[in-house]
Amino acid sequence: ENLGAQLIKEVASETSDEAGDGTTTAIVLTQALLAEGLKNITAGANPKAIQRGMLKASEVVVAALKKGSRPVKTREEKAQVATISCNDRRIGEMIAEAMEKVGHDGAITVEEGKSAETTLEVVEGMQFDRGYVSPYFVTDAERLEAVLEDCFLIITDKKVSVMSDLLPLLEKTAQTGKPLLLIADEVDGEALATLVVNKLRGTLKVAAVKAPDFGDRRKELLEDVALLTGGTVISEELGYKLDRAGLELLGRAKRVVCDKDYTTIVGGAGDKRAIKKRAESIRARIAETTSDYDKKKLQDRLAKISGGVAVISVGAATETEMKAKKAKVEDAAHATRAGVEEGMIPGGGAALLRAADSLGEFSGGDEDERTGGLIVRRALEAPIRQIAVNAGFDDSLIVQKVRSTQDGLGFDAATGEFVDLFKAGIVDPLKVTRTALENAVSIVGTILMTEVVVADLPKPKETTAASPVGAEEMY
Numbered sequence: 042e043n044l045g046a047q048l049i050k051e052v053a054s055e056t057s058d059e060a061g062d063g064t065t066t067a068i069v070l071t072q073a074l075l076a077e078g079l080k081n082i083t084a085g086a087n088p089k090a091i092q093r094g095m096l097k098a099s100e101v102v103v104a105a106l107k108k109g110s111r112p113v114k115t116r117e118e119k120a121q122v123a124t125i126s127c128n129d130r131r132i133g134e135m136i137a138e139a140m141e142k143v144g145h146d147g148a149i150t151v152e153e154g155k156s157a158e159t160t161l162e163v164v165e166g167m168q169f170d171r172g173y174v175s176p177y178f179v180t181d182a183e184r185l186e187a188v189l190e191d192c193f194l195i196i197t198d199k200k201v202s203v204m205s206d207l208l209p210l211l212e213k214t215a216q217t218g219k220p221l222l223l224i225a226d227e228v229d230g231e232a233l234a235t236l237v238v239n240k241l242r243g244t245l246k247v248a249a250v251k252a253p254d255f256g257d258r259r260k261e262l263l264e265d266v267a268l269l270t271g272g273t274v275i276s277e278e279l280g281y282k283l284d285r286a287g288l289e290l291l292g293r294a295k296r297v298v299c300d301k302d303y304t305t306i307v308g309g310a311g312d313k314r315a316i317k318k319r320a321e322s323i324r325a326r327i328a329e330t331t332s333d334y335d336k337k338k339l340q341d342r343l344a345k346i347s348g349g350v351a352v353i354s355v356g357a358a359t360e361t362e363m364k365a366k367k368a369k370v371e372d373a374a375h376a377t378r379a380g381v382e383e384g385m386i387p388g389g390g391a392a393l394l395r396a397a398d399s400l401g402e403f404s405g406g407d408e409d410e411r412t413g414g415l416i417v418r419r420a421l422e423a424p425i426r427q428i429a430v431n432a433g434f435d436d437s438l439i440v441q442k443v444r445s446t447q448d449g450l451g452f453d454a455a456t457g458e459f460v461d462l463f464k465a466g467i468v469d470p471l472k473v474t475r476t477a478l479e480n481a482v483s484i485v486g487t488i489l490m491t492e493v494v495v496a497d498l499p500k501p502k503e504t505t506a507a508s509p510v511g512a513e514e515m516y
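Numbering (my numbering), first residue to last: 42 to 516.
Next up, the structure:
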């Protein structure tokens, strides 16, 4: 019974996964394409030809959109893209500031705040989600953090339980007078107890954390930490033994901060050229992978090695408001990143309306193919029509006026005026609009080609037992 809704959800989900935003545009386009497509097929048009025409037309439109896009470079342009997505200028400015500080590859994390105010905190350096293994390592009792300044790092994939494994390295680092961070697969037993005792006695400034992630990803992240700090992963697979390692295998960092959940390494002593080369290698893997899960993990890894994590803590008065606001901020962050990737186009449905004019010369192989192109052309009016209707204006009049104005001008639904959309900051990321259109055309083409759909048989509605009308007369 809810098959149509499920298909619409599929379009929205695909668009959100790929571009991070644009779900509303995708839904409006899908509805318009489907209504026109079904009408023509009912009238006897060939579904395959209609589908071909729609696909060809969408390619022409995407080319026109790319031609009219502008790069997103300045902080103000990033703020414009984010503001349009979340409809909040302050959050738009915050996202632009976050992106300026951590860079395009840096991570922007959105989390639920503990107050009613939305705040931005930028964590410099590399951060991973593993905290200290014992609270006895805390050096700042007020903030419950273990802070190590100008320290050495032991990075190993070995489980450390016996003190004899660590003793030679501990003695060498103690002689330098510098603090020490141990990152290992596991730290427990005698080794952990001895480290805690030495820390409490003041013999050694030390902290220990578990290695981040699992399996092969753990190895890769340990290698990244080693590269960032100029150290080496002490692994028996690579021919290194912990009890025979020298100071030359240890990493160095200006500052390390560990709390119960996270470890942040700032000012690693790694070779900048080697780090840049590793980042390029990860980017290449992101481009090649087809798995969304792998892509996300690689992007997180790239963000860590690129040195920057921005945390936006969303504040709200109620839990319902918090969830809605958090989703808005996440969409805006994705939209801004998409804008930086492929550029921005005029918003408010104007870019799609103008791109529809590029189909004026569209000529398919036969009449039904041309009909497919015409369906796309009509559907491209749907977003601007919906915006006009939502704002209480005559949609046909708005479409006519926007078509008659020059490029770059469009309708501002908030003021009811026709303005330069780029100057007014009413812009959309090209990637978001392109993805919404491509996914809408793809799913509608599939539906039109499918004569039968398989659905769950709806359960019969339960009826309460009641006496038939007039039954009492039988007695």
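Beta carbons are placed, not taken as given, at the ideal position from N, Cα and C, and that holds for glycine.
Here the structure is a predicted model, which is why all the values come from computation and not from measurement.
Restricting attention to Ala104, Ala67, Asp129 and Ser54, the CA atom closest to the CA of valine 370 is found in Asp129. Burial is judged here by how many other beta carbons sit within 10 angstroms of a residue's own beta carbon; methionine 167 has at least 16 and is buried. The three-state secondary structure of valine 274, taken from DSSP, is coil.
DSSP assignment within the region 177–226 yields the following whole beta strand (DSSP E) runs of 3 residues or more, N-terminal first: 187–196 and 221–225. Per DSSP, reduced to three states, the secondary structure at valine 440 is helical.
Collapsing the DSSP output to three states places proline 112 in coil.
For isoleucine 386, the pairing in a beta bridge is given by DSSP as Asp469. Runs of the beta strand (DSSP E) spanning 3 or more residues and lying entirely within the region 256–303 occur at 292–299, in chain order. In the three-state DSSP reduction, threonine 331 falls in the coil class, being neither helix nor strand.
The beta carbon of threonine 330 sits closer than 8 Å to those of Lys336 and Leu339, all from its chain and outside the five residues before and after it, given in chain order.
With a 10 Å radius around the Cβ and a threshold of 16 neighbouring Cβ atoms, alanine 139 comes out buried. In this chain, leucine 450 is not harboured by any alpha helix (DSSP H); it is covered by the beta strand (DSSP E) spanning 450–453. Partner residues in the beta bridge of glutamate 458, as assigned by DSSP, are Asp453. The beta carbon of threonine 412 sits closer than 7 Å to the beta carbons of Asn81, Ala86, Ile91 and Gly94 from its chain, once the five residues preceding and following it are set aside; these are given in chain order. In the displayed model, glutamate 153 falls within a strand according to three-state DSSP. In the DSSP assignment, the residues bridged to valine 247 are Leu221. Secondary structure in the region 343–401: the alpha helix (DSSP H) runs of 4 residues or longer, each lying completely within the stretch, are 360–383 and 391–397 in chain order. Annotated as distal: alanine 351 and aspartate 469, with beta-carbon spacing of 8 Å or more. Counting the other Cβ atoms within 10 Å of the Cβ of histidine 375 gives 16 or more, which makes it buried. In this structure the region 119–126 does not touch the region 444–454; the number of beta carbon pairs closer than 8 Å is below three. Collapsing the DSSP output to three states places phenylalanine 463 in a helix. In the DSSP assignment, glutamine 168 forms a beta bridge with Thr305.
Residue burial is scored here from C-beta neighbours: leucine 279 has fewer than 16 other C-beta atoms within 10 angstroms and is therefore classed as exposed. Taking a contact to require three or more Cβ pairs closer than 8 Å, the region 142–158 and the region 253–266 do not qualify as touching. When secondary structure is reduced to three states using DSSP, threonine 65 falls in the helix class.
Across the structure, threonine 359 and glutamate 158 are spaced so that their CA atoms are roughly 12 Å apart. Glutamine 441 sits exposed, since fewer than 16 C-beta atoms from the chains shown fall within 10 Å of its C-beta. Of the candidates Gly109, Ala455, Gly486 and Leu233, the residue whose Cα lies closest to the Cα of proline 176 is Leu233.
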